[in-house]
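Colleague: Protein chains in written order, with my numbering: chain A, 3 to 238; chain B, 22 to 102; chain C, 22 to 102; chain D, 288 to 1048.
Input: one structure, supplied below.
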Amino acid sequence: MNIGIIVFPGSNCDRDCAHVVSEVMGHSAHLIWHQEPAIQDMDAVILPGGFSYGDYLRTGSIARFSPIMEAVFEFVNRGGLVLGICNGFQILLEAGLLPGAMLRNKALSFICEDTYIRIENAETPFTNSCEAGQVIKLPIAHAEGNYYTDPVTLSALQANAQVVFRYCDQDGNATTISNPNGSLDDIAGIRNAKGNVLGLMPHPERCAEAILSNQDGHSIFKSMVSSLMGKSPLSV
Amino acid sequence: MKAKIYITLKDGIHDPQGRAIQQSLQTLGFTTAQDIRVGKFLEVELQDTEKESAESNIKSMCQKLLANTVIEDFRYEIVET
Amino acid sequence: MKAKIYITLKDGIHDPQGRAIQQSLQTLGFTTAQDIRVGKFLEVELQDTEKESAESNIKSMCQKLLANTVIEDFRYEIVET
Amino acid sequence: MNQDTEALPPLNITPELIQQHGLSEEEYQQILKHLGREPNLTELGVFSVMWSEHCSYKSSRVHLKRFPTEGPQVVQGPGENAGAVDIGDGLAAVFKMESHNHPSFIEPFQGAATGVGGILRDIFTMGARPIALLNSLRFGELDSTQNQHLLKGVVSGISWYGNCIGVPTIGGEITFNDIYSKNPLVNVFCLGIVKKDRLLRGLAKGEGNQVLYIGAKTGRDGIHGATMASDSFDDASEKKRPNVQVGDPFLEKLLLEACLEFLEQDLLVGIQDMGAAGLTSSSCEMASRSGTGIELDVAKVPRREPNMTPYEILLSESQERMLLVAQPGKEDAVLAVCRKWGIDAAAVGKVTDDGLLRIRDGSQIVAEIPADAIAEGAPRYERPSAPPQYQELLQALNLDTLPDVKDATDALLQLLNSPTIASKRWVYRQYDYMVGTNTVVCPGSDAAVVRLKGTGKALAMTTDGNSRYCLLNPYMGGGLAVAEAARNLVCSGAEPLAVTDCLNFGNPERPDIMWQFIMAVEGIADACRAFDVPVVSGNVSLYNETNGLSIYPSPIIGMVGLIEREDDITTQWFKQSGDHILLIGETREDIGGTEYLKIIHSREQGMPPYLDVDLEQAVQRCVLILIQKGWVESAHDCSEGGLLVTLAECCFTHPSTTFGATITLNQERLRLDALLFGESPSRIVISVKEDNLQHVTQFIQDLGTKVPMSVLGQVTDRDRMAVTVQRAHEKQVQQLSWSVEDLANRWQNSLVQQLDAAQTS
Ligand SMILES: Nc1ncnc2c1ncn2[C@@H]1O[C@H](COP(=O)(O)OP(=O)(O)O)[C@@H](O)[C@H]1O
Ligand SMILES: [Mg+2]
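Set out below in structure tokens:
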């Protein structure tokens, strides 16, 4: 399987994602420079975490105009799988590939720690190896992960099962304390209506190996790989 | 020509930064300070020579990049220098 | 009463944020945008009823908390509401 | 000097002007001798920054010679941008520590951020990819809003820069003492990895080779920053403050990637970052190291502000800039890499063979100085030193008049509440300590550990230093810092490799401060020799003094150790109920200089704990072998707060659960406070499985009597830490007991509570 990982000038989780794809999952990871005009023969694309343009102005706002984003739009239109992690999620929001926007964390500071996440929808290509209601532990590391959208969009997200991950406690209950950043409706990750684009703030690539004392993130990559089985790669 | 751009959070959107500042002001004894909203203030030097073209450029910069209209409103003024 | 506060980086202080935004505007084709400086814009609701007390409060809030006077300048306007 | 300079307005160098440049009359005489004529203003400025304490190490250099700097593992010792050691597999670990104290006091956020930026550049100019950052911080007590403001600003500055560039901040230390209220310390450490044979150096070889400037444009930032860092602070300093430097981590990230591409494509002769004294020091150092000269044209330097003079361009300390010498014919390739990453680059000069730093402004020569005169020729002082008169008073602590601990139960709670001992989670939660997916031991254990992907190995690293010990006895304090750093590494399963240091002291022109400095250096040097860990890099920060009040002598040791097999990685927390708890090492009557004495008796007095180097070595060797044999479940050293604090931390620092413990202490002679809270070094608490207990005790017995060992008790799954103290001279045994949850709460919430309390008071 060929997984493309877009490298914006300030990406810094690009190599971490590539490591999981190649060393842990045993597939081919391809780093794609953001100035490239095209995506060639990829089964899926990951927008990794980082600070794409120093996150000056707003997170993800400048990266959204990188040349590669045209190809990403096209890739999405043709049904390709796109996973945005952290800054990647923020870029997908700025690009309009997912609805909503990010505000600063309610406590204003950057937070790096493990959080518990409830799988709300296990029927997506990114979660099919999980079970609905399952609680997994994934770390977050961001200053702007306070998801916001208008009430109408929120209802639509809820109605279409587009909220894929919610912050919760160890037992799966969403409380004020279990929500680390003030995110609306405890949202940790959403998908688009069509179901082929997913953005989430937590970092599954940081917990996909035994040596890192947590392998819960593995399930996200495993789901992607299994849903891609038998499909042919896309070039745009 | 110069543009001054004011970008503010839309009404109704919670502003954690404003709230934190307001709380600190309270503890500093500035009890007069009620609601606080924090926005951005950008000053842009423009090469345009016509006010009209400057306006249309700034408007489109704001819409495209400078503001995120999901959460933010913007205003601007063009000043001839 | 309401105060509008403009906080800007002092002259000569490097503004990497402005630089990054300017470069991005250039690549988006807005070649007219030259120098950009990014500052803050705060709106504060005040309980003061006298303009004078409002002014002195705002000034001291800016000095004490709102602006980092080591690198920033501030300006304000008081608007009666 | 060339005729062209005649065009400059003649300058009358007055004594005032010399003094304003921080130069002494004798130093000015030396300048005249080096030049054979009067300097012009630009040249005076160049000498001023290059001969500042910060750049020239003029007070410290003769003493730093005492450090051992060699060993089979050393690939690069002191003298380059950073030191490097061999870690096998053809790789070298490159690391260094640096201070950013003064800038952080003036503007905590930007000061700390640009400190991180600076140390990162030191690492990647060596061609190494930075993989870890640590920081050592000192602040005044948190009951002052000013100290809180400094702490918050510094932590968010470090967090912003490190997180943004994507290098994890994985550890460090913080202590609080009011002596730092007007002079906080911000020391940052960085480590990177490079292929051993690809190490880049700051060289300017090859006559005619082009000198390129890359990175941020030059502004009037921090002009005379180096001179400022070489001066004491007083209330008037505020006014002569230069423009604060503002960091740009995004640009630095671009520089980092570009530098690694230069290395990949083998394009460079040498490279040097522009730190203190900017363009001046980078060019002088490169030329001086290589025995060449450099000619620069300031007119070609990219500038951010109009009308900058050569003086300003040469002395600017704008951040995120580098100077490099390209291999002949590869200039275009260098520029292409810069274009790819969107970095400004300009050819600003060339390497010459005349040993001169020649500065042009277009066709005019504006300065011409022998490079060696500015770098190697800097003055060196053997400043007078004498122990302070108060030293004996400080060391006097009559234990006969000090009542023994009355309420040990409460004393432990108070110690856990001390911000110096309490959890630093509030700090490291703001740092991205996971990016890179190498951090296998996150902040919260004795040392941080990063794996080296693809090698099966890992590196452990730590920063340590107890300034109170150094105040009371700088020689012992220096040695104890080295011992503690090594002990922290050993507890993590690592073999100590080498040291970097950051020596923060007061005004060296005062004999008492100079004495502290010399003694501490000696203590560090002797300990490094004894433990066989050479010093490969470091930094000196003097004049840490405000309004005549000096900080405590604060040498900080950064140490790096190698873990050959991932299986040996060990953490400090208990692992399972039923395991046996052992103390390796022995407790003595070490009350002087302890956190206990400060918190419970409000005294910072006495002799610090005595370091027996042989015992320390034996304890560390023993524990490392036990770990490598696979018999150790957890290992935690005893440091601030003593044995009970260590045991409590073993119970509650596990990331996802807590344990209890049942402990029995038998001690014939010791005072109770010394037994429970004394800070004797050379002690490590380990836990071992039932099945391994026999192996461990047998192994230690076979070593002979060199390594004292006692079995303290067992790990339990109850919420109690219960300690029974049996002493022959007391008829009754003492029973102490705590709820582990209570202990944990105190320790976890202390910092946050103190920060919140001051906010709402
Ligand atoms: N400034 C800091 N930045 C990051 N981590 C820190 C900082 N201060 C302390 N820590 C972490 O908190 C833990 C406890 O620190 P400390 O009490 O100094 O340990 P020790 O006494 O073993 O040296 C360590 O893992 C350390 O790395
Ligand atoms: Mg320790």
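Positions of the beta carbon are idealized from the N, C-alpha and C atoms, including for glycine.
Does any residue of chain C have a CB that is nearer than 8 Å to the CB of residue 18 (chain A)?
Modeller: As a first step, residue 18 (chain A) is located in the first sequence; it is residue number 16 there, counting from the start. Residue-level contact check: residue 18 (chain A) does not touch chain C, since none of the beta carbons of chain C fall below 8 Å from its beta carbon.
Colleague: How about residue 33 (chain C) and residue 57 (chain C): do their beta carbons lie closer than 8 Å?
Modeller: Within the third sequence, residue 33 (chain C) is the residue found at index 12, counting from 1. Within the third sequence, residue 57 (chain C) is the residue found at index 36, counting from 1. Not in contact: residue 33 (chain C) and residue 57 (chain C) (Cβ atoms no closer than 8 Å).
Colleague: Quick one: is residue 1025 (chain D) buried, meaning 16 or more other Cβ sit within 10 Å of its Cβ, or exposed?
Modeller: Start at 1 with the first residue of the fourth sequence, and residue 1025 (chain D) comes out as number 738. It counts as buried.
Colleague: What three-state label does DSSP hand residue 450 (chain D) in the structure shown?
Modeller: To locate residue 450 (chain D), count along the fourth sequence from 1; it is residue 163. Looking at residue 450 (chain D) - three-state DSSP - the assignment turns out to be helix.
Colleague: Would you please verify whether the beta carbon of residue 41 (chain C) is less than 8 Å from any beta carbon of chain D?
Modeller: Reading the third sequence from its first residue, position 20 is the one you call residue 41 (chain C). At least one chain D Cβ lies under 8 Å of residue 41 (chain C).
Colleague: Give a yes or no on whether the minimum CB-CB distance between residue 58 (chain A) and chain B is below 8 Å.
Modeller: Here residue 58 (chain A) is taken as the residue at index 56 of the first sequence, counted from 1. Closer than 8 Å: no.
Colleague: Can you list, in chain order, the residues of its chain whose CB lies under 6 Å from that of residue 453 (chain D), leaving out five sequence neighbours each side?
Modeller: Position 166 of the fourth sequence holds residue 453 (chain D). Cβ within range, chain order: 722.
Colleague: Can you grab the Cα-Cα spacing for the pair residue 90 (chain B) / residue 30 (chain C), in whole Å?
Modeller: As a working note, residue 90 (chain B) is residue 69 in the second sequence. As a working note, residue 30 (chain C) is residue 9 in the third sequence. Whole-angstrom Cα-Cα distance: 25 Å.
Colleague: With a threshold of 8 Å between beta-carbons, can residue 536 (chain D) be considered close to chain A, or not?
Modeller: As a position in the fourth sequence, residue 536 (chain D) is number 249, starting the count at 1. At least one chain A Cβ lies under 8 Å of residue 536 (chain D).
Colleague: If you measure beta-carbon to beta-carbon, which residues of the stretch 67 to 90 of chain A are closer than 7 Å to chain D?
Modeller: none
Colleague: Can you tell me whether DSSP reads residue 225 (chain A) as helix, strand or coil?
Modeller: The residue you call residue 225 (chain A) lines up with position 223 of the first sequence. The answer is helix: DSSP assigns residue 225 (chain A) an H, G or I state.
Colleague: Considering only DSSP beta bridges, list what residue 657 (chain D) is partnered with.
Modeller: Looking up residue 657 (chain D) in the fourth sequence gives position 370. Paired residues: D:643.
Colleague: Taking only runs that begin and end inside the stretch 405 to 455 of chain D, name each unbroken beta strand (DSSP E) of 3 or more residues, in chain order.
Modeller: Taking only runs of at least 3 residues, the beta strand (DSSP E) segments lying wholly in the stretch 405 to 455 of chain D are 416 to 426.
Colleague: Is residue 82 (chain C) helix, strand or coil when you go by DSSP?
Modeller: Here residue 82 (chain C) is taken as the residue at index 61 of the third sequence, counted from 1. DSSP places residue 82 (chain C) in helix when its eight states are reduced to three.
Colleague: Less than 8 Å between the C-beta atoms of residue 25 (chain B) and residue 64 (chain B), yes or no?
Modeller: Position 4 of the second sequence, counted from the start, is the residue given in the question as residue 25 (chain B). Position 43 of the second sequence, counted from the start, is the residue given in the question as residue 64 (chain B). Yes, the pair counts as a contact, with Cβ atoms nearer than the cut-off.
Colleague: Taking C-alpha atoms, which residue in A:93, A:87, A:53 and A:144 lies nearest to residue 72 (chain A)?
Modeller: The residue you call residue 72 (chain A) lines up with position 70 of the first sequence. Closest option to residue 72 (chain A), Cα to Cα, is A:93.
Colleague: Residues in the same chain with beta-carbon distance under 6 Å from residue 491 (chain D), minus the five sequence neighbours each way, listed in chain order, please.
Modeller: What you label residue 491 (chain D) is simply residue 204 of the fourth sequence in a count that begins at 1. Cβ within range, chain order: 557, 573, 574, 577, 579, 581, 612 and 638.
Colleague: Could you tell me how far apart the beta carbons of residue 961 (chain D) and residue 878 (chain D) are, in whole angstroms, since I believe they sit closer than 8 Å?
Modeller: In the fourth sequence, residue 961 (chain D) corresponds to position 674, counting from 1. In the fourth sequence, residue 878 (chain D) corresponds to position 591, counting from 1. Going by Cβ atoms, the distance from residue 961 (chain D) to residue 878 (chain D) rounds to 5 Å, so yes, they are a contact pair.
Colleague: Could you tell me the alpha carbon to alpha carbon distance between residue 372 (chain D) and residue 990 (chain D), rounded to whole angstroms?
Modeller: Here residue 372 (chain D) is taken as the residue at index 85 of the fourth sequence, counted from 1. Here residue 990 (chain D) is taken as the residue at index 703 of the fourth sequence, counted from 1. Roughly 31 Å separates the two Cα atoms.
Colleague: I'd like the list of long-range same chain contacts for residue 592 (chain D), defined as Cβ closer than 7 Å, with 5 residues on each side in sequence excluded.
Modeller: For the purposes of this step, residue 592 (chain D) is taken as the residue at position 305 of the fourth sequence. When the five nearest sequence neighbours on each side are left out, the beta carbons in the same chain lying within less than 7 Å of the beta carbon of residue 592 (chain D) are those of 506 and 507, in order along the chain.
Colleague: Please list, in chain order, the chain B residues whose beta carbon lies closer than 8 Å to that of residue 57 (chain C).
Modeller: Locating residue 57 (chain C) in the third sequence gives position 36, where the first residue counts as 1. Going along chain B in sequence order, the residues near residue 57 (chain C) (Cβ under 8 Å) are 63, 64, 65 and 66.
Colleague: Who are the Cβ neighbours of residue 827 (chain D) in its own chain at under 7 Å, not counting the five residues just before and after it?
Modeller: On the fourth sequence, residue 827 (chain D) is found 540 positions in, with the first residue counted as 1. Hits under 7 Å: 344, 347 and 790.
Colleague: With 8 Å set as the bound, which would you pick, yes or no: does the beta-carbon of residue 721 (chain D) sit closer than that to a beta-carbon of chain A?
Modeller: For the purposes of this step, residue 721 (chain D) is taken as the residue at position 434 of the fourth sequence. At least one chain A Cβ lies under 8 Å of residue 721 (chain D).
Colleague: Could you please give me the residues that DSSP links to residue 169 (chain A) through a beta bridge?
Modeller: In the first sequence, residue 169 (chain A) corresponds to position 167, counting from 1. Residue 169 (chain A) is bridged to A:119.
Colleague: Since I believe residue 832 (chain D) is in contact with residue 765 (chain D) (beta carbons under 8 Å), could you give me their beta-carbon distance rounded to a whole number of angstroms?
Modeller: Walking along the fourth sequence from the start, residue 765 (chain D) turns up at place 478. Walking along the fourth sequence from the start, residue 832 (chain D) turns up at place 545. Rounded, the Cβ-Cβ distance is 20 Å, inconsistent with contact.
Colleague: Would you kindly report the start and end of the unbroken beta strand (DSSP E) that includes residue 30 (chain A)?
Modeller: On the first sequence, position 28 is the one that residue 30 (chain A) refers to. Here the beta strand (DSSP E) through residue 30 (chain A) covers 30 to 35.
Colleague: Less than 8 Å between CB atoms is the rule here; does residue 52 (chain A) satisfy it with respect to chain D?
Modeller: Taking the first residue of the first sequence as position 1, residue 52 (chain A) is located at position 50. So, interface residue.
Colleague: When DSSP labels each residue in this structure, what does residue 344 (chain D) get in the three-state scheme?
Modeller: What you label residue 344 (chain D) is simply residue 57 of the fourth sequence in a count that begins at 1. Three-state DSSP puts residue 344 (chain D) in coil, outside helix and strand.
Colleague: Kindly list, in the order they appear in chain B, the residues whose Cβ is closer than 8 Å to that of residue 85 (chain C).
Modeller: One-based indexing of the third sequence puts residue 85 (chain C) at position 64. Residues of chain B passing the Cβ test: 49.
Colleague: Against residue 143 (chain A), what residues of chain D qualify as contacts under a CB-to-CB distance less than 8 Å, listed in chain order?
Modeller: Within the first sequence, residue 143 (chain A) is the residue found at index 141, counting from 1. 450, 719, 721 and 722, listed in chain order.
Colleague: Could you give the first and the last residue of the continuous beta strand (DSSP E) run that contains residue 363 (chain D)?
Modeller: If you number the fourth sequence from 1, residue 363 (chain D) lands on position 76. Segment 361 to 363, the beta strand (DSSP E) holding residue 363 (chain D).
Colleague: Figure out for me which residue from D:942, D:767, D:911 and D:320 has the closest Cα to the Cα of residue 852 (chain D).
Modeller: Translated into positions along the fourth sequence, residue 852 (chain D) becomes position 565. Selected option, being the one with the closest Cα: D:911.
Colleague: Along the chain, where does the beta strand (DSSP E) that runs through residue 383 (chain D) open and close?
Modeller: Against the fourth sequence, residue 383 (chain D) aligns to sequence position 96. Its beta strand (DSSP E) spans residues 378 to 386.
Colleague: In chain order, what residues of the same chain lie with their CB nearer than 7 Å to the CB of residue 957 (chain D), ignoring the 5 residues before and after it?
Modeller: Numbered from 1 along the fourth sequence, position 670 holds the residue referred to as residue 957 (chain D). Excluding residues within five positions, the ones whose Cβ falls inside 7 Å are 874 and 876.
Colleague: In three-state terms, what does DSSP make of residue 789 (chain D)?
Modeller: Here residue 789 (chain D) corresponds to residue number 502 of the fourth sequence, with the count starting at 1. Strand at residue 789 (chain D).
Colleague: At what residues does the beta strand (DSSP E) containing residue 826 (chain D) begin and finish?
Modeller: Here the question's residue 826 (chain D) lines up with position 539 in the fourth sequence. From DSSP, the beta strand (DSSP E) with residue 826 (chain D) extends over 822 to 828.
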